[in-house]
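Undergrad: Heads up, the sequence shown is in my numbering, so the first residue is 643 and it goes up one at a time.
Ideal placement from N, C-alpha and C gives every residue a C-beta, glycine not left out.
Source: prediction; values computed, not measured.
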Amino acid sequence: MGERDGWYYVQGPGGYAGYARKSDLILGKVRQFESLPDEPPFIAWKTIGSKINLTWEAVYKKDPDPSGFSELTGVNVISPTWFELLDGSGQIRSKADSHYVNWARNRGIQLWAVFSNGFEPKRTTQALSTVETRFYMIQQLLAYAKMYRLQGINIDFENVRTADKANLVQFVRELTPMLHEQNLVVSIDVTPKSNSELWSLFLDRPALIQSVDYMMLMAYDEHWASSPNSGSVASMPWVKRAVDRLVEEDGIPPAKLILGMPLYTRIWTETIGQNGKRKVSSKAVGMDRVREIIAAKKLAPVYDAATGQNYVEYSENGALNRIWIEDALSIKARVDLANRYGLAGVATWNRSFQSDDIWSVIEGALNKRS
643 MGERDGWYYV QGPGGYAGYA RKSDLILGKV RQFESLPDEP PFIAWKTIGS KINLTWEAVY
703 KKDPDPSGFS ELTGVNVISP TWFELLDGSG QIRSKADSHY VNWARNRGIQ LWAVFSNGFE
763 PKRTTQALST VETRFYMIQQ LLAYAKMYRL QGINIDFENV RTADKANLVQ FVRELTPMLH
823 EQNLVVSIDV TPKSNSELWS LFLDRPALIQ SVDYMMLMAY DEHWASSPNS GSVASMPWVK
883 RAVDRLVEED GIPPAKLILG MPLYTRIWTE TIGQNGKRKV SSKAVGMDRV REIIAAKKLA
943 PVYDAATGQN YVEYSENGAL NRIWIEDALS IKARVDLANR YGLAGVATWN RSFQSDDIWS
1003 VIEGALNKRS
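#1: State buried or exposed for M858, treating a residue as buried only when at least 16 other CB atoms are found within 10 Å of its CB.
#2: Using three-state DSSP, classify A755 as helix, strand or coil.
#3: Could you tell me the distance, in whole angstroms, from the CA atom of F813 to the CA atom of S740?
#4: For Q733 and D831, I'd like the C-alpha separation in whole angstroms.
#5: Give the C-beta separation of L639 and G760 to the nearest angstrom, bearing in mind that I take them to be a contact with Cβ-Cβ under 8 Å.
#6: Can you give me the Cβ contacts of W910 inside the same chain, cut-off strictly under 6 Å, excluding the 5 residues immediately before and after it?
#7: Spatial neighbours of A876 within its chain, please: CB distance less than 7 Å, with the 5 preceding and 5 following residues excluded, ordered by chain position.
#8: Taking the C-alpha atoms as reference points, what is the distance between G918 and P870?
#9: Is DSSP giving I973 helix, strand or coil here?
#10: Ignoring anything shorter than 3 residues or poking outside the stretch 665-720, list the beta strand (DSSP E) runs there in chain order.
#11: If we ignore side chains and look at the alpha-carbon of each, how far apart do R976 and A948 end up?
#12: Kindly indicate the opening and closing residues of the alpha helix (DSSP H) around A746.
#13: Tell whether a beta-carbon distance below 8 Å holds between Y856 and A986.
#14: Hey, how far is the Cα of Q852 from the Cα of Y906?
#15: Within its chain, find whatever has a CB closer than 6 Å to the CB of L845; leave out the 5 residues flanking it on each side and keep chain order.
#16: Can you tell me the Cα-Cα spacing of S838 and K1010, whole angstroms?
#17: For Q781, I'd like the list of residues in its chain whose CB is within less than 7 Å of its CB, leaving aside the five on either flank, ordered along the chain.
#18: Let's test the definition: count the other Cβ atoms within 10 Å of the Cβ of Y702 and tell me whether it reaches 16, buried, or not, exposed.
#19: Do D798 and S736 come within 8 Å of each other at the CB atom, strictly closer than that value?
#20: Which whole-angstrom value is the C-beta distance of D892 and R847, which I expect to be below 8 Å?
#21: Starting from T804, follow its DSSP beta bridges and name the residues at the other end.
#22: Buried or exposed: where does Y661 fall if 16 or more other Cβ atoms within 10 Å of its Cβ makes it buried?
#23: Residues in the same chain with beta-carbon distance under 8 Å from S1012, minus the five sequence neighbours each way, listed in chain order, please.
#24: Less than 8 Å separating the beta-carbons of T766 and D806?
#25: Measuring straight from C-alpha to C-alpha, what distance separates V922 and I914?
#26: Among Y983, R776 and D946, which one has its Cα closest to the Cα of M820?
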């Protein structure tokens, strides 16, 4: 029924459709079928003239109560972390909540629910390894999407072995046509390119972009929680390099790329041990917590040109605390970067780290309003 990059799009005798490698097929009996009626192509984003403004909702034991949320000005997609791979058989656990669905739909906000692998490599290897386990995952996602009236699925597979690279691509190839039949948008989260096996190398970004509607660049954790050195979660030069590499090296179309931005930062604590060596620890905090610290300690943030962010430091209990701040200045700079590259939009991790005013900052910058 179609052909792409050495693969045929085929339908088997059981009625299931998917991709098969051309070199694995031989011509059998020839039968003539009437032409299928023309259907309009699948359109991933139907809000013409509007950029995607997505925020992830981190769901742990249960969904938060949205009645207590501030007004999410300009947010048009929420991506709750609802679905998780449980084991190697492909069993998926759901934390989806109808109350949350109704709240979003009443506000015209689309729901692109996250499907994660639980960040566990062994079960991921097993679940991706056979057509049966891959199809079992797809069946469940289709059922959940219909049950909760979703508009999309966001794939978030992390901590994956490089040996599973091809199987992840194949899973997405098999998944996307079936989700499109149910009018669902398909997106996948990717990290900036690096030499880290479980964090980056397993992602075949040029192959994945052939199937998905959007690729979310998780442009944060330049300095991660256990980093040996203090530093920005996502300095502007680092973010720009990450976008450049995807667009220039991997050929990711800017119109299919969404820039992920952090709403959190880290308080870095540096101490000197008895051996004279510096010890570094960190704690992730949201925007309001940083404001509280600045006000309580009467700090004066200074602009750090090297990172493109405001910065403060203070001493406490014999330790030096350092914060590269996420605020209106840094967020607007990231949105401006997305606009300069002509990206499809932006995404934020995660809603609970917000300050109430940040949504209007994002909306204004994304849609070129002051």
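TA: Let me lay it out:
#1: buried
#2: strand
#3: 28 Å
#4: Take the alpha-carbon of Q733 and the one of D831: they are about 21 Å apart.
#5: Residue 639 falls outside the range modelled here, since the chain spans only 643 to 1012, and no answer is possible.
#6: S872, S924 and R964
#7: Result list for A876: A861, Y862, E864 and P904, in chain order.
#8: Taking the CA atoms as reference points, G918 sits about 15 Å from P870.
#9: Note: I973 maps to helix in three-state DSSP.
#10: Runs of the beta strand (DSSP E) lying entirely within the stretch 665-720, each at least 3 residues long, are 694-699 in chain order.
#11: 15 Å
#12: S740 to N748
#13: yes
#14: A straight line joining the alpha-carbon of Q852 with that of Y906 spans about 32 Å.
#15: V832
#16: 37 Å
#17: none
#18: Flag for Y702 reads exposed.
#19: no
#20: About 5 Å; that satisfies the 8 Å criterion.
#21: Answer by DSSP bridge pairing: none, since T804 is not bridged.
#22: Under this definition Y661 is a buried residue.
#23: Because the pLDDT at S1012 is just 43, under 50, the model does not fix this residue reliably, and the value given afterwards should be weighed accordingly. G1006, listed in sequence order.
#24: yes
#25: 9 Å
#26: Of the residues Y983, R776 and D946, the one whose Cα lies closest to the Cα of M820 is R776.
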